[in-house]
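Please read the structure below before turning to the comments.
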Amino acid sequence: MSAAKLRNIGPKSAAWLRQVGLRSHEDLAAVGSVEAFMRVKRAGFRPSLNLLYALEGALLDCHWQQLPDDRRGELLQAYDAATALLPPPRGRPAAGPVTTTQMQDDDDAPSPSLFDSPDDAGED
Numbered sequence: 001m002s003a004a005k006l007r008n009i010g011p012k013s014a015a016w017l018r019q020v021g022l023r024s025h026e027d028l029a030a031v032g033s034v035e036a037f038m039r040v041k042r043a044g045f046r047p048s049l050n051l052l053y054a055l056e057g058a059l060l061d062c063h064w065q066q067l068p069d070d071r072r073g074e075l076l077q078a079y080d081a082a083t084a085l086l087p088p089p090r091g092r093p094a095a096g097p098v099t100t101t102q103m104q105d106d107d108d109a110p111s112p113s114l115f116d117s118p119d120d121a122g123e124d
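full-length UniProt numbering puts the sequence shown at residues 1 to 124.
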C-alpha cells in the first residue's frame with residue numbers, strides 16, 4: 001500500500017498497515033477503519049486519532065479533515081469500545097486504587113540526634 005494508491009495515507013502509515021497485513025484498499029475495506037487502526041495499535045505502534053480519520057477518509061475517498069463531526073464521533077465511540085476489550089499491557093500491573101499513607105509522630109520514642117553514635121542506639 002502506498003500513498004499514491006490510498007488517499008490520506010503517507011509512507012509511515014502505509015508501512016504500519018503493511019506490517020499488520022493490510023496491503024490494499026480491498027484489505028482495508030474488508031476490516032474497516034476502526035479494526036485497521038486497532039491492529040496498528042496492537043502491533044505496538046502509537047498512532048494518533050488522525051490515522052483513524054485518515055483510514056475512514058481513504059475508504060470514503062475524501063480528505064480526512066472533511067469527515068463530518070458526527071462520523072468522527074461514531075468512529076471515536078467504536079474506538080473506545082474496541083479499546084475497552086484490549087487486555088492490560090504486559091509487563092505492567094493493572095492500575096489499582098490509590099492509597100495515601102500519613103506518617104504520625106511517635107511521642108514515646110526519643111528523636112535521634114544528628115550526633116548520636118551508632119553504638120549508643122541500643123544502650124539505656
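Glycine included, each C-beta is placed from N, C-alpha and C at the ideal position.
Contact check between the segment 59-68 and the segment 77-86: fewer than three CB pairs, one atom from each, fall below 8 Å, which does not count as touching. Here A36 has L17, L22, L28, L55 as same chain residues with Cβ atoms under 7 Å from its own Cβ, once five neighbours each way along the sequence are excluded. Here N50 has W64 as same chain residues with Cβ atoms under 7 Å from its own Cβ, once five neighbours each way along the sequence are excluded. With respect to the C-alpha of R90, the residue from V31, M38, R42 having the closest C-alpha is R42.
Runs of the alpha helix (DSSP H) lying entirely within the UniProt domain "TfoX C-terminal" (5-78) and spanning at least 4 residues, in chain order: 11-19, 25-31, 33-42, 49-60.
When DSSP states are grouped into helix, strand and coil, T83 belongs to the helix group.
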